[in-house]
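Residue numbers (the working numbering), protein chains in the order written: chain A, 4 to 344; chain B, 4 to 344. Using N, Cα and C, we set each Cβ at its ideal position, and we do this for glycine too. One structure is given below, encoded as structure tokens.
Protein chains: 2
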Amino acid sequence: MSKKPTMQDVATHANVSIATVSYVLNGVKKVSDKTKEKVFESIRELNYYPDSSAVSLSRRKSNLIGILIPMLGDSPAAMFKKNIYYNEFVSGIEVISRKNNYDTMISGVAEPEDVKGWVKKRNLDGLIYIGELPENLYEELIQLDVPLVLIDTYAKEAANYNNVRIQDERGGYLATKHLIELGHTKVAFVPTNLQTSPVDLHRMNGYRRALSESGIAFDEDLVFESYDVKFEQPALVNRIVTADPAPTGIVTVSDVLAIGVINELKKLGKSVPDDYSVIGFDDLIISEYITPPLTTVRQDIFTKGRTAAELVIASIEEESHGHNTVVLPVELVERESTRKL
Amino acid sequence: MSKKPTMQDVATHANVSIATVSYVLNGVKKVSDKTKEKVFESIRELNYYPDSSAVSLSRRKSNLIGILIPMLGDSPAAMFKKNIYYNEFVSGIEVISRKNNYDTMISGVAEPEDVKGWVKKRNLDGLIYIGELPENLYEELIQLDVPLVLIDTYAKEAANYNNVRIQDERGGYLATKHLIELGHTKVAFVPTNLQTSPVDLHRMNGYRRALSESGIAFDEDLVFESYDVKFEQPALVNRIVTADPAPTGIVTVSDVLAIGVINELKKLGKSVPDDYSVIGFDDLIISEYITPPLTTVRQDIFTKGRTAAELVIASIEEESHGHNTVVLPVELVERESTRKL
DNA sequence: CTGAAAGCGCTTACAG
DNA sequence: CTGAAAGCGCTTACAG
């Protein structure tokens, strides 16, 4: 095959200097229209594409955005693999990035040191981090001085960065309120892990607000941590069905959990929504198609990804490294996993 | 923040030339152990990471692998977004790539010209393409002379590249055979699109083989193209339930389709597996947790991704641009969406 | 409006 | 075993 044409080839072909080609390409300086025309013509004919390694090197800008996905346990991919959620999220980032001429790379986060290395090595222009950032990573990242967007974070350090979150408190509130309105008074709350997940804590605040608004006392015995976002939840569900007081409604912090809970309940011969009303959180694509179709709190994960990408890119291009926080709305979607008591 | 250290900084710090640093880093030439030690020491102290733009530029190698995802309709992401499948696949690629010091980028494929541009721009070392490659893309890619792995392709041109496929024919066979063994004689086959999908055609060959093996005549009227891999399938299912002959078993080419079919059947008051036995294909993570748990033909998508990555990387590093074809096994997973007639 | 030249941070023959 | 220097393909002051 023929070697890839360089800027020099274009310059020669157009009978100008490479500086001029560069100017034309970057829309910089006033280049005469005829020259511009010639150059574009040559670019087209030679089918020229600027070499981004060279561009990155000389411009100190890679047009690369890194997406950091926290690891749960072993491999970064395992996380990505299991969590249907990331699919849409990454998708949103991808769309906006491409539109703005950025490419995206994904990496699992193991050691903070690795992240730093990655950013430096690849000259990443910006970073999107999903979830609570480990303390030590904050320090590393500050040193890196790279535009950063934090997703679903409530850490105080987060205030120094861009943030995209959703109305977590309101989500918990809406879900609980819904069950209460349906006549449920014994409502369980199923977070992942209250120690490690501020998001869960905020949703629980909403849960508590809804309870107290209706004069229902908060009961610790109705909070069941699952510790793991996965479909298999025998232990969790066992605790729920044997709980005292016995709940009739279950507010969950994710659709995956809700599906898991419904599944285990079925195994125990219980019916949803006849015996238990269950609410999810997220509204995954699949949630409408399970049995029963899941009542859930919808968040627009795709938009979350888009917003995150828009924020990093703005931050990169303004050189302002601003810290904006965008809180996206949530909404209750009533389907058939909840019923009037 | 302090500027990122360069190789020069390391050289100065270690009191050697940058050439030596480079040699040490690349394990090339025989550098004395003391020197090596000094250099590594400096690298550690300065927390140095080679700039990959510079490396790419001088070594003409980006250590970047591009994943091409075909677009269905509008945005590339839309595809990625909807198809739960890609999640695992990309995950597999990612794991192997990272282990081999490659990063991966994902792009939707719109115009073949765009792909070419992307490869040239980013100096991609290798490419993984999912699905049937448009004719004109073959030509473009040949010119690019970049290691390529084709996934699930049956085009004759594909023989010139690396391929990863699964036992499609066998999958169709196993699914159909299973239904026949359960006593079904009127078995429907639901492909996506026989015109555009050789994969579907191969699975149908398996379907036909199982039929003929049992002395059941193939009946065109029992083939129902869905034309779209999505959960909503009212028209499709309407055709199925009103078909003559009336099928009792349904072999489907994807879990998404199967879930869609089951869903529509329920809406029509039909029960699975009581009225219809339905089989999927893929065995998505979710498929075990829907109602009824889906009987399906499992393929290991994660391994498919891993294999694809291994092939490109081998191809990149051997400079041999080989064309190996790996056919991964499939296996029938019996769950509860099928029953004895 | 256009170009010569230095520089971005590496790699790699070539000398020694 | 080690280093000086050219080169990878761009960008960008600086001159003109």
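- Among the residues of chain A, those whose CB is under 8 angstroms from the CB of B/Gly120 are Tyr52, following chain order.
- Two segments are said to touch when three or more pairs of C-beta atoms, one from each, lie closer than 8 angstroms; by this definition the region 154 to 168 of chain B does not touch the region 217 to 227 of chain B.
- Inter-residue distance for A/Leu127 and B/Arg125 is about 14 angstroms (C-alpha atoms, whole angstroms).
- Under the 7 angstroms criterion on CB atoms, A/Asn208 is classed as non-interfacial with respect to chain B.
- Counting only runs that start and end inside the region 149 to 215 of chain B, the alpha helix (DSSP H) elements of at least 4 residues fall at 171 to 184.
- In this structure, B/Thr299 sits away from B/Val259, with a CB-CB distance that is not shorter than 7 angstroms.
- For A/Arg342, no beta strand (DSSP E) encloses it, and the DSSP letter there is neither H nor E.
- Interface residue (Cβ-Cβ distance to chain A less than 7 angstroms): B/Asp106 is classified as such.
- For B/Glu114, the closest of B/Leu287, B/Leu144, B/Pro150 and B/Pro194 by C-alpha to C-alpha distance is B/Leu144.
- When C-beta atoms of the region 245 to 259 of chain A are compared with those of the region 285 to 294 of chain A, three or more pairs fall below 8 angstroms, so the two segments count as touching.
- For B/Thr306, no beta strand (DSSP E) run applies; the uninterrupted alpha helix (DSSP H) run containing it begins and ends at Ile304 to Glu321, by DSSP.
- Contact between B/Leu71 and B/Tyr141 is ruled out by a C-beta separation of about 13 angstroms, above the 8 angstroms threshold.
- For B/Leu335, DSSP records a beta bridge to B/Val300.
- Contact between the region 204 to 213 of chain A and the region 231 to 247 of chain A is absent, with fewer than three C-beta pairs closer than 8 angstroms.
- The alpha-carbon separation between B/Val329 and B/Leu177 amounts to approximately 20 angstroms.
- The DSSP-derived three-state label of A/Ile87 is helix.
- Pairing B/Val281 with B/Ile293 gives a Cβ-Cβ distance that is not under 7 angstroms.
- Look at B/Asn90: its C-beta is under 7 angstroms from a C-beta on chain A.
- Around the beta-carbon of B/Asp106, 16 or more other beta-carbon atoms lie within 10 Å, marking it buried.
- Any Cβ of chain B closer than 7 angstroms to the Cβ of A/Asn126 would place that residue at the interface, and such an atom is present.
- Between the region 270 to 278 of chain B and the region 299 to 310 of chain B there are fewer than three inter-stretch CB-CB distances shorter than 8 angstroms, so the stretches are not counted as touching.
- Around the beta carbon of B/Ala161, a 10 Å sphere encloses 16 or more other beta carbons of the protein chains shown; the residue is thus reported as buried.
- Distance from the Cα of A/Leu182 is smallest, within the candidate group A/Ser229, A/Pro201 and A/Thr251, for A/Thr251.
- B/Phe284 sits in a strand when the DSSP states are folded into three classes.
- In the assembly as shown, B/Thr245 is an exposed residue. Its beta-carbon has fewer than 16 other beta-carbons within 10 Å.
- A/Gly186 is positioned such that its CB atom lies no closer than 7 angstroms to that of A/Lys64.
- Residues of chain A whose Cβ lies closer than 9 angstroms to the Cβ of B/Ala311 do not exist; the shortest such Cβ separation is about 14 angstroms.
- Buried is the label assigned to B/Asp54, since at least 16 other Cβ atoms lie within 10 Å of its Cβ.
- Rounded to the nearest angstrom, the gap between the Cα atoms of A/Ile319 and A/Leu268 is 49 angstroms.
- Taking the Cα positions, B/Met108 is about 12 angstroms away from B/Val118.
- Look at B/Ile293 here: in three-state DSSP terms it is coil, with no helix or strand label.
- Taking a Cβ-Cβ cut-off of 7 angstroms, the neighbours of A/Ser65 in chain B comprise Ser56, given in sequence order.
- Any Cβ of chain A closer than 7 angstroms to the Cβ of B/Thr294 would place that residue at the interface, and such an atom is present.
- In the three-state reduction of the DSSP assignment, A/Val254 falls in the strand class, which pools E and B.
- Interface annotation, B/Ser59: in contact with chain A, CB-CB separation under 7 angstroms.
- Around A/Gly95, the same chain offers Ile304, Phe305, Thr306, Lys307, Gly308, Arg309, Thr310, Ala311 and Ala312 as residues with beta carbons nearer than 8 angstroms, after the five sequence neighbours per side are excluded.
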